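Order-wise, the sequence lines are chains A and B. So in this note's numbering, the last one in the first sequence is 473, and the numbering has no gaps at all. So in this note's numbering, the last one in the second sequence is 340, and the numbering has no gaps at all. Here a beta-carbon is modelled for each residue, glycine too, at the ideal position from N, C-alpha and C. Predicted model only: the values in this text are computed from it and were never measured.
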Amino acid sequence: MSAVIKVENLSKAYQLGEIGTGTLSRDLERSWAKLRGKEDPFLKIGEVNDRAVKGESDVVWSLKDINFEIEQGAAVGIIGRNGAGKSTLLKILSRVTSPTTGTAKLKGRIASLLEVGTGFHPELSGRENIYLNGAILGMRKAEIKQKFDEIVDFSGVERYIDTPVKRYSSGMYVRLAFAVAAHLESEIMIVDEVLAVGDAEFQKKCLGKMGDVSKGEGRTVLFVSHNLTAITRLCSSSMLLRNGLLIEHDVTHKIITNYLSIDEISTSFMQWESGKAPGNGVARILSAGVFNEKYEVYEYIDIRKPVIIKMEYEVLIDDVKLTHAFVFHNEHGIRLFDSHDVNSDWKSNSARKKGRYTAEMLIPGNFFSEGKIKISPAVITSDPFELHAYAEDSISFLVKDSLEGDSARGEYAGSYGGVIRPMFSWQADFIG
Amino acid sequence: MSEISQEDWDIELTPANNMLDLKLKDIWHYRDLLVLLVRRDFVSFYKQTILGPLWFFIQPLFTTLIYTFVFGNLAAIPTDGLPQPLFYLAGITAWNYFSDCLGKTSSVFVSNAGLFGKVYFPRLIVPLSIVASNLIRFAVQMALFVLMMIFYWVKGASFHPNAYLLLFPLLLVLMAMLGLGLGMIISAMTTKYRDLTFLISFGIQLMMYLTTVIYPLSTVKAKYPKYQWLVEYNPMTSIIEAFRYGFLGQGTFTILSLGITTVITTFILLIGIVIFNRVERNFIDTV
Numbered sequence: 042m043s044a045v046i047k048v049e050n051l052s053k054a055y056q057l058g059e060i061g062t063g064t065l066s067r068d069l070e071r072s073w074a075k076l077r078g079k080e081d082p083f084l085k086i087g088e089v090n091d092r093a094v095k096g097e098s099d100v101v102w103s104l105k106d107i108n109f110e111i112e113q114g115a116a117v118g119i120i121g122r123n124g125a126g127k128s129t130l131l132k133i134l135s136r137v138t139s140p141t142t143g144t145a146k147l148k149g150r151i152a153s154l155l156e157v158g159t160g161f162h163p164e165l166s167g168r169e170n171i172y173l174n175g176a177i178l179g180m181r182k183a184e185i186k187q188k189f190d191e192i193v194d195f196s197g198v199e200r201y202i203d204t205p206v207k208r209y210s211s212g213m214y215v216r217l218a219f220a221v222a223a224h225l226e227s228e229i230m231i232v233d234e235v236l237a238v239g240d241a242e243f244q245k246k247c248l249g250k251m252g253d254v255s256k257g258e259g260r261t262v263l264f265v266s267h268n269l270t271a272i273t274r275l276c277s278s279s280m281l282l283r284n285g286l287l288i289e290h291d292v293t294h295k296i297i298t299n300y301l302s303i304d305e306i307s308t309s310f311m312q313w314e315s316g317k318a319p320g321n322g323v324a325r326i327l328s329a330g331v332f333n334e335k336y337e338v339y340e341y342i343d344i345r346k347p348v349i350i351k352m353e354y355e356v357l358i359d360d361v362k363l364t365h366a367f368v369f370h371n372e373h374g375i376r377l378f379d380s381h382d383v384n385s386d387w388k389s390n391s392a393r394k395k396g397r398y399t400a401e402m403l404i405p406g407n408f409f410s411e412g413k414i415k416i417s418p419a420v421i422t423s424d425p426f427e428l429h430a431y432a433e434d435s436i437s438f439l440v441k442d443s444l445e446g447d448s449a450r451g452e453y454a455g456s457y458g459g460v461i462r463p464m465f466s467w468q469a470d471f472i473g
Numbered sequence: 054m055s056e057i058s059q060e061d062w063d064i065e066l067t068p069a070n071n072m073l074d075l076k077l078k079d080i081w082h083y084r085d086l087l088v089l090l091v092r093r094d095f096v097s098f099y100k101q102t103i104l105g106p107l108w109f110f111i112q113p114l115f116t117t118l119i120y121t122f123v124f125g126n127l128a129a130i131p132t133d134g135l136p137q138p139l140f141y142l143a144g145i146t147a148w149n150y151f152s153d154c155l156g157k158t159s160s161v162f163v164s165n166a167g168l169f170g171k172v173y174f175p176r177l178i179v180p181l182s183i184v185a186s187n188l189i190r191f192a193v194q195m196a197l198f199v200l201m202m203i204f205y206w207v208k209g210a211s212f213h214p215n216a217y218l219l220l221f222p223l224l225l226v227l228m229a230m231l232g233l234g235l236g237m238i239i240s241a242m243t244t245k246y247r248d249l250t251f252l253i254s255f256g257i258q259l260m261m262y263l264t265t266v267i268y269p270l271s272t273v274k275a276k277y278p279k280y281q282w283l284v285e286y287n288p289m290t291s292i293i294e295a296f297r298y299g300f301l302g303q304g305t306f307t308i309l310s311l312g313i314t315t316v317i318t319t320f321i322l323l324i325g326i327v328i329f330n331r332v333e334r335n336f337i338d339t340v
């Protein structure tokens, strides 16, 4: 396989603040420097782009010294927080803007989908817009004509094809727009977060189409999304951008773990300072965390693998009856279940002496559903009920479903409902 | 994987490009887009209107009426001995084409920012489509002009179409080039300094008064010989004078003045294209 995209020392500087007042004198200063063959004075003072930190200079590097190569047929995800430079990179590669320094080389035609329905005219019918949009994306008229039926079929808006698109629902609009772009014959496909719209069925169709494009047709896909599940499903390798720098380019699961542990505030392990430990005068929680089988702190867990939840707490007085528990919520705030220790030695009515304790529970694989799981560790007395310490939603982790066909979802690749996703044994026979 | 294929890139994106690379090959590839954009402009113009393309008639007709009243009758500006409505309509038809091309081209970056910011295609396609779709409007207005000529012919007014009519295609091309060239220069500047957008509509109007739309060049020459250069060096003047001479047999122009206009226009167009190509690469960052 040969490289179809090669990016060398690519940088892009942006000017912050108002453009207008003062720009004329600045422009003159810049062209004066250029005329004398000197470096642009305003780029010298550019700084790393961290949107949260107030900077000294008006110029920021939205991308700085990016280098990478992408092989033909690869589907590559681009991950990063808002403002990390993802969209800037896609804009440069799709030739909407040009780099400040460095080069990018590409082979073949590029289809860029930075937005769906670019150039759609509300007054024109779906049919007319297919032609217009196709031509904007670089298709010849004959090519569109040839694929017209396929496009209409994929979009599923056949009935409305001669109605002006301003009468379309937003979902239909997106369907039609994506259908045009997906049928563009190009060697490289660049897709920015465009699947956020459209219903689940259509999102699945889009992802499926993009998968076909890269795996089946050998075309290269660059995909930006905040939907980590979509990225894991589609992209074998990914790039992590942070403040305009390319941090890592590796297999997707490594990148996602790295992204979650640094770019998202790390929450799979929590340790409280002595003064701030949650609890009353009886017990206090000192730390809690999520681990894999090897007791490594883990944020991103394969749905098939077991999870270990562990906490450490301190009992402050002697002879108190209590036990430890965890409460589980999913990302939508639905309480999944509670669990407390019922072993005879440790159950709620066993008396404890003063000191520090640890407790852990093992949850088998093939139990949680995909998504974020939030855990609240607790120390309780059950009869009469008393809550001594409770750290609400203090730790969390993400469950990633497998696409290898051996989890509960099997071969089904679409959106899968339910708050848990257990694997049960099935028995079926042919009886007639 | 051979070394040769490794270096065989189709597209290279670099900070600066060759100023004189006009990307004509790219433009040719996107020719269908040009046609579709023209169609879009035409169809969307009269969708949800009752009169539809008739609107193309109404504007020049009423302008002619008002000019005839104000400039012809109230101010009594001579019209080279031609019937006043015919004189004005000739000027208005030609001027409208030029000013439409100029006005729309000059705002091409600002009004297409949404499109340009999301997808790449040779940007020059859009100004070209503007010039082409204005041609439809111009054709309709020319038909009106010809109808008016027939009307006055029947009435027995004196005017004499002649062999200079053959210059018409050249005049049309010159107007398109001039509108396109000036428009692109202005559009490139409006991406950063929006001040020019305010200037442009007002500027086009001022320029009209420096062009022989409502008065003939001969009158200026006779009355204000000191200032005649202002009007004479305006490239649109010799175009409109030649236009009137060809169709109506009255007008002050020489092959030399038309030649100078051609040179100036070509020059402006080239500068326009170069500036436009330079700005299109990064305008989305400042627009």
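Quick one: Cα of H534/A to Cα of Y173/B, how far?
No answer is possible for residue 534/A: it lies beyond the span of chain A, which begins at 42 and ends at 473.
Could you give the distance in angstroms between the alpha-carbon of L322/B and the alpha-carbon of L218/B?
Locating residue 322/B in the second sequence gives position 269, counting from the first residue. Locating residue 218/B in the second sequence gives position 165, counting from the first residue. If I take the Cα positions, the gap works out to 25 Å.
By the 9 Å beta-carbon criterion, what residues does the segment 66-98 of chain B contribute toward chain A?
L66, T67, P68, A69, N70, H82, Y83, R84, D85, L86, L87, V88, L89, L90, R92, R93, V96 and S97
So what's F18/A in DSSP terms, helix, strand or just coil?
There is no way to answer for residue 18/A, as the model of chain A reaches only from 42 to 473.
So, with DSSP's three-state summary, where would you put M261/B?
In the second sequence, the residue the question calls residue 261/B occupies position 208. Looking at M261/B - three-state DSSP - the assignment turns out to be helix.
Extent of the continuous beta strand (DSSP E) to which S164/B belongs:
By 1-based counting over the second sequence, the position of residue 164/B is 111. Premise fails: S164/B lies in the alpha helix (DSSP H), V161 to S164, not in any beta strand (DSSP E).
In chain A, which residues lie less than 7 Å from D63/B when you measure between Cβ atoms?
The residue labelled residue 63/B in the question sits at position 10 within the second sequence. What D63/B touches in chain A: L147, K148 and G149.
Within its chain, find whatever has a CB closer than 6 Å to the CB of I288/A; leave out the 5 residues flanking it on each side and keep chain order.
For this step, residue 288/A is matched to residue 247 along the first sequence. Within the same chain, I288/A has close Cβ partners L281.
State the Cα-Cα distance for the pair V292/A and N108/A, rounded to the nearest angstrom.
Working through the first sequence from its first residue, we reach residue 292/A at position 251. Working through the first sequence from its first residue, we reach residue 108/A at position 67. Those two C-alpha atoms are separated by around 17 Å.
Using a C-beta cutoff of 9 Å, does V137/A count as contacting chain B?
Here residue 137/A refers to the residue found at position 96 when the first sequence is read from its first residue. It does; some Cβ of chain B falls within 9 Å.
Nearest-angstrom Cα distance between F369/A and S210/A?
Taking the first residue of the first sequence as position 1, residue 369/A is located at position 328. Taking the first residue of the first sequence as position 1, residue 210/A is located at position 169. Looking at the two C-alpha atoms, the distance is approximately 38 Å.
Close beta carbons around D74/B, own chain, < 8 Å, minus the five adjacent residues each side
The residue given as residue 74/B occupies position 21 in the second sequence. Around D74/B: N330.
V323/A (DSSP reduced to helix, strand or coil)
The residue labelled residue 323/A in the question sits at position 282 within the first sequence. Of the three classes helix, strand and coil, the one that applies to V323/A here is coil, per DSSP.
What does a CB cutoff of less than 8 Å around M230/B pick up in its chain, not counting 5 residues either side in sequence?
The residue given as residue 230/B occupies position 177 in the second sequence. Cβ neighbours of M230/B beyond the five flanking positions: T318, T319, I321 and L322.
Any residues in the segment 153-171 of chain A with a beta carbon nearer than 7 Å to a beta carbon of chain B? Which ones, in chain order?
S153, L155, E156, T159, G160, H162, E164 and L165
Starting from E184/A, follow the alpha helix (DSSP H) in both directions and report where the run begins and ends.
Locating residue 184/A in the first sequence gives position 143, where the first residue counts as 1. From DSSP, the alpha helix (DSSP H) with E184/A extends over K182 to S196.
Report yes or no: do the segment 160-170 of chain B and the segment 82-101 of chain B share at least 3 C-beta pairs separated by less than 8 Å?
no
As assigned by DSSP and simplified to three states, the class of I120/A
Reading the first sequence from its first residue, position 79 is the one you call residue 120/A. DSSP places I120/A in strand when its eight states are reduced to three.
Name the two residues that bound the continuous beta strand (DSSP E) containing S315/A.
One-based indexing of the first sequence puts residue 315/A at position 274. Careful: S315/A lies outside any beta strand (DSSP E) and carries neither H nor E.
Whole-angstrom distance between A295/B and R150/A, CA atom to CA atom:
Counting from 1 along the first sequence, the entry for residue 150/A is found at position 109. Counting from 1 along the second sequence, the entry for residue 295/B is found at position 242. Rounded to the nearest angstrom, the two C-alpha atoms are 47 Å apart.
Below 8 Å on the Cβ atoms is my contact criterion, and I expect K388/A with T364/A to pass it. Report the Cβ-Cβ distance as a whole number of Å.
By one-based count along the first sequence, residue 388/A stands at place 347. By one-based count along the first sequence, residue 364/A stands at place 323. Yes, K388/A and T364/A are in contact; Cβ-Cβ is about 6 Å, under 8 Å.
Under 7 Å by beta carbon: chain B residues contacting L178/A
Start at 1 with the first residue of the first sequence, and residue 178/A comes out as number 137. Those are V172, listed as they occur along chain B.
Can you give me the C-alpha to C-alpha distance between Y280/B and P163/A, rounded to a whole angstrom?
Residue mapping note: residue 280/B aligns to position 227 of the second sequence, counting from 1. Residue mapping note: residue 163/A aligns to position 122 of the first sequence, counting from 1. C-alpha separation (whole angstroms): 50 Å.
Is there at least one Cβ from chain A nearer than 9 Å to I337/B's Cβ?
Locating residue 337/B in the second sequence gives position 284, counting from the first residue. For I337/B, the answer is yes, since a Cβ of chain A falls inside 9 Å of its Cβ.
In chain order, what residues of the segment 114-135 of chain A put their CB closer than 7 Å to some CB of chain B?
I133 and S135
Nearest to D338/B by CA position, among N299/A, R136/A and E49/A, is which residue?
Within the second sequence, numbered from 1, the residue matching residue 338/B stands at position 285. D338/B has its Cα closest to that of R136/A, out of N299/A, R136/A and E49/A.
In chain A, which residues lie with their C-beta within 8 Å of the C-beta of L181/B?
Against the second sequence, residue 181/B aligns to sequence position 128. Simply none; closest approach about 14 Å.
Who are the near neighbours of F124/B in its chain, counting only those whose CB is closer than 8 Å to its CB and skipping five residues on each side?
Locating residue 124/B in the second sequence gives position 71, where the first residue counts as 1. The answer, listed in chain order, is I130, Y141, I267 and Y268.
When burial is assigned at 16 or more other CB atoms within 10 Å of the CB, is E333/B buried or exposed?
Here residue 333/B is taken as the residue at index 280 of the second sequence, counted from 1. Looking at its Cβ environment, which holds 16 or more other Cβ atoms inside 10 Å, E333/B is buried.
Please report how far the alpha carbon of Q56/A lies from the alpha carbon of N335/B, in whole angstroms.
Your numbering for residue 56/A matches position 15 in the first sequence. Your numbering for residue 335/B matches position 282 in the second sequence. Straight-line Cα distance between these residues: approximately 12 Å.
So, is D359/A buried or exposed, given that buried needs 16 or more other C-beta atoms within 10 angstroms?
Your numbering for residue 359/A matches position 318 in the first sequence. Flag for D359/A reads exposed.
Inter-residue CB distance, L197/B and L301/B (contact presumed, cutoff 8 Å):
As a position in the second sequence, residue 197/B is number 144, starting the count at 1. As a position in the second sequence, residue 301/B is number 248, starting the count at 1. Not really, about 15 Å apart at Cβ, beyond 8 Å.
Do we get a CB-CB distance below 9 Å when we pair Q187/A with the residues of chain B?
Taking the first residue of the first sequence as position 1, residue 187/A is located at position 146. Output row for Q187/A: interface = no.
Pick out whichever of W102/A, G406/A, K256/A and T129/A has its Cα sitting closest to the Cα of K346/A.
Walking along the first sequence from the start, residue 346/A turns up at place 305. Ranking the options by Cα distance to K346/A, first place goes to G406/A.
Rounded straight-line distance, which links the Cα of L286/A to that of N187/B
To locate residue 187/B, count along the second sequence from 1; it is residue 134. To locate residue 286/A, count along the first sequence from 1; it is residue 245. Their Cα atoms are separated by approximately 47 Å.
Range covered by the alpha helix (DSSP H) that runs through Q303/B
The count along the second sequence starts at 1 and reaches residue 303/B at position 250. Note, Q303/B: premise wrong, no alpha helix (DSSP H); not H, not E.
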